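Notes to accompany the following structure.
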Amino acid sequence: MDKKDDMLRALALPFERQELTMPEHAFWLRAEAGEAMAPWRDTLECRQSFRPAFDRLAAAGFRAVESLRGGYALGLVSLTKHKAENRALIAQGLDLLAADGLLVCCGSKDSGAASLEKEAAQRFGLAGSLAKHQCRVFWLHKAQAEDWAAEGAPRLVPETDLVARAGCFSPDHVDPGSSLLASLLPGSMAGRVADLGAGWGYLADWVLGRFPAVDMVDLYEAEALALDDARANLARFGDRAAFHWRDVTQGLGEVAPYDWVVANPPFHDGAKADPGIGQAFIRAAWKAIRRRGKFWLVANRHLPYEAELRRWFRDVETVAQAEGFKVFQASNRHDR
Ligand SMILES: C[S@@+](CC[C@H](N)C(=O)[O-])C[C@H]1O[C@@H](n2cnc3c(N)ncnc32)[C@H](O)[C@@H]1O
Numbered sequence: 007m008d009k010k011d012d013m014l015r016a017l018a019l020p021f022e023r024q025e026l027t028m029p030e031h032a033f034w035l036r037a038e039a040g041e042a043m044a045p046w047r048d049t050l051e052c053r054q055s056f057r058p059a060f061d062r063l064a065a066a067g068f069r070a071v072e073s074l075r076g077g078y079a080l081g082l083v084s085l086t087k088h089k090a091e092n093r094a095l096i097a098q099g100l101d102l103l104a105a106d107g108l109l110v111c112c113g114s115k116d117s118g119a120a121s122l123e124k125e126a127a128q129r130f131g132l133a134g135s136l137a138k139h140q141c142r143v144f145w146l147h148k149a150q151a152e153d154w155a156a157e158g159a160p161r162l163v164p165e166t167d168l169v170a171r172a173g174c175f176s177p178d179h180v181d182p183g184s185s186l187l188a189s190l191l192p193g194s195m196a197g198r199v200a201d202l203g204a205g206w207g208y209l210a211d212w213v214l215g216r217f218p219a220v221d222m223v224d225l226y227e228a229e230a231l232a233l234d235d236a237r238a239n240l241a242r243f244g245d246r247a248a249f250h251w252r253d254v255t256q257g258l259g260e261v262a263p264y265d266w267v268v269a270n271p272p273f274h275d276g277a278k279a280d281p282g283i284g285q286a287f288i289r290a291a292w293k294a295i296r297r298r299g300k301f302w303l304v305a306n307r308h309l310p311y312e313a314e315l316r317r318w319f320r321d322v323e324t325v326a327q328a329e330g331f332k333v334f335q336a337s338n339r340h341d342r
């Protein structure tokens, strides 16, 4: 059992014990597919802005939806590891409830669910709670929480003129790996560029703002909240930027080949480190790049990416090593 399964088992518990009743229509924020919640597959309207989790819900027969209408008797929230995002999720959940509705929140203890529960108890009062499977589950009645909702709003990222919100990768500072990669990108960049795992658009903004010979950048990103911020950040570039809500590990789809690809790939799936994700990004870049195209990648130095790069590209150069990161340039793709 992984942490996600533990959380789903804890969330199912008050319903299994009949402490709570699942009504005919209910919603679930940051929903995750899993057997423990399968009995309510047809009841729950599941919102999930992270594409791989959204696809897992749809594949497992859950009702994955992109928007919710409001007035629900009951809602569920899977809490994340980000405090500000959790407060915003609770505020959004409370807002979606009917006047006498109930919101059930569940999170793992090591992601701070116990302290959030305490805060919610002081602020709103709780209707009930339980602890099981290293998780906290607590439920509360509808209330107003505009100040908590505001914590989910996009904010200026220090030392930039770009915004990002809680729930995105590194919303309160530029990632040092991305900043290193950006500083090394050559002035010869031109044509069509793809940014894989583009986040709130830091690298794409850098490329579009500095390299006029770049016609356009396609941003591929799994987290819809980050992509929304990227849209706002890059609005000034008009149609030189295009946005794709996509799980890059599944490839980029049918695309005209790119002249350049840049990436600072993720190496976690939830709490689990998984270098397989970055390796899948490398394969996606190889597949989508022009024969003489160039792929620039930054990664934590310890990650096993060099062999994977050499598998797919003839020329792989370590351009820089600094602050625990490595920047690679890969070119001259193998035909496979
Ligand atoms: C290390 S961050 C880099 C973000 C951005 N390029 C920057 O410089 O701030 C990796 C990004 O990949 C996104 N991501 C995670 N899994 C993904 C997947 N399977 N497909 C596409 N993007 C993914 C994350 O949401 C995150 O924004």
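The working numbering puts the first residue of the sequence shown at 7, with every later residue one more than the last. Positions of the beta carbon are idealized from the N, C-alpha and C atoms, including for glycine. Computed from a prediction, not measured in an experiment: that's the story for all the values here.
Do the CB positions of residue i and residue j come within less than 7 Å of each other?
| i | j | result |
| --- | --- | --- |
| Ala238 | Cys174 | no |
| Ser114 | Lys278 | no |
| Glu314 | Ile288 | yes |
| Ala104 | Gly131 | no |
| Leu102 | Gly81 | yes |
| Trp145 | Leu122 | no |
| Leu35 | Val83 | yes |
| Leu63 | Ala42 | no |
| Trp251 | Ala219 | no |
| Leu17 | Glu51 | no |
| Gln54 | Ala37 | yes |
| Thr255 | Ala204 | no |
| Leu202 | Phe243 | no |
Excluding the 5 residues preceding and the 5 following residue i in the sequence, name in chain order all residues of the same chain whose CB lies nearer than 8 Å to its CB.
| i | result |
| --- | --- |
| Ala326 | Leu186, Leu190, Lys332, Val333 |
| Leu162 | Leu168, Val169 |
| Asp106 | Ala79, His147, Lys148 |
| Asp12 | Ser114, His139, Gln140, Cys141 |
| Arg298 | Ser337, Asn338 |
| Phe319 | Trp292, Phe301, Ala336, Ser337, Asn338, Arg339, His340 |
| Asp178 | Arg161, Val163, Pro164, Ala170 |
Kindly list the residues whose CB is nearer than 7 Å to the CB of residue i, restricted to its own chain and excluding five residues on each side of it in sequence; keep chain order.
| i | result |
| --- | --- |
| Asp211 | Leu168, Asn239, Leu240 |
| Leu136 | Leu19, Pro20, Val143 |
| Gly284 | Pro271, Phe273, Ala305, Leu309, Tyr311 |
| Gly329 | The amino acid at residue 329 is misidentified as Gly; the sequence shows Glu. Pro182, Leu186. |
| Arg57 | Ala228, Trp251, Arg252, Asp253 |
| Ala159 | Arg171 |
| Glu2 | Any question about residue 2 goes unanswered here, given that the chain covers just 7 to 342. |
| Asp275 | Ile283 |
Report back the beta-carbon spacing between residue i and residue j to the nearest angstrom; my notes put them in contact at under 8 Å.
| i | j | result |
| --- | --- | --- |
| Ala151 | Leu100 | 6 Å |
| Leu26 | Val110 | 7 Å |
| Val199 | Asp265 | 7 Å |
| Phe217 | Ala196 | 7 Å |
| Ala97 | Trp154 | 4 Å |
| Ala188 | Leu209 | 6 Å |
| Ala119 | Ala172 | That pair is no contact at about 16 Å. |
| Gly257 | Lys293 | 6 Å |
| Thr49 | Glu30 | 7 Å |
Which class does residue i belong to by DSSP, given the choice of helix, strand or coil?
| i | result |
| --- | --- |
| Ser84 | strand |
| Glu312 | helix |
| Glu51 | strand |
| Arg242 | helix |
| Asp106 | strand |
| Leu132 | coil |
| Phe175 | coil |
| Lys148 | coil |
| Met43 | helix |
| Glu229 | strand |
| Gln256 | helix |
| Asp61 | helix |
| Arg36 | coil |
| Asn270 | coil |
| Ser194 | coil |
| Glu323 | strand |
| Asp265 | strand |
Compare the C-alpha of residue i against each of the options and name the closest.
| i | options | result |
| --- | --- | --- |
| Leu225 | Ile295, Gly81, Arg47, Ala269 | Ala269 |
| Glu165 | Leu122, Asp181, Gly158, Ala156 | Asp181 |
| Met28 | Ala44, Ala39, Arg129 | Ala44 |
| Lys300 | Phe56, Ala328, Gln335, Trp318 | Gln335 |
| Ala170 | Trp302, Ala42, Trp206 | Trp206 |
| Gln140 | Asp153, Gln128, Ser117, Pro160 | Ser117 |
| Ser5 | Arg307, Ala328, Leu303 | Missing from the structure shown is residue 5; the chain here goes from 7 to 342 and no further. |
| Lys124 | Lys148, Asp106, Lys89, Glu157 | Lys89 |
| Asp253 | Ala59, Arg317, Pro177, Glu22 | Ala59 |
| Arg317 | Arg307, Arg339, Gln128 | Arg339 |
| Ala262 | Ser184, Leu85, Val223, Asp178 | Val223 |
| Arg307 | Pro281, Glu91, Arg320 | Pro281 |
| Leu112 | Arg129, Asn92, Gln128 | It is worth fixing the name first, because residue 112 is Cys in this sequence and not Leu. Of the listed residues, the one whose Cα sits closest to Cys112 is Asn92. |
| Leu85 | Asp61, Ser184, Ala126, Asp221 | Ala126 |
Identify, in the order they occur along the chain, each residue of the same chain with its Cβ nearer than 6 Å to the Cβ of residue i, setting aside the five sequence neighbours on each side.
| i | result |
| --- | --- |
| Gly3 | Residue 3 is absent from the structure shown; the chain starts at 7 and stops at 342. |
| Val267 | Ala200, Ala291, Ile295, Phe301 |
| Asp321 | Ser337, Asn338 |
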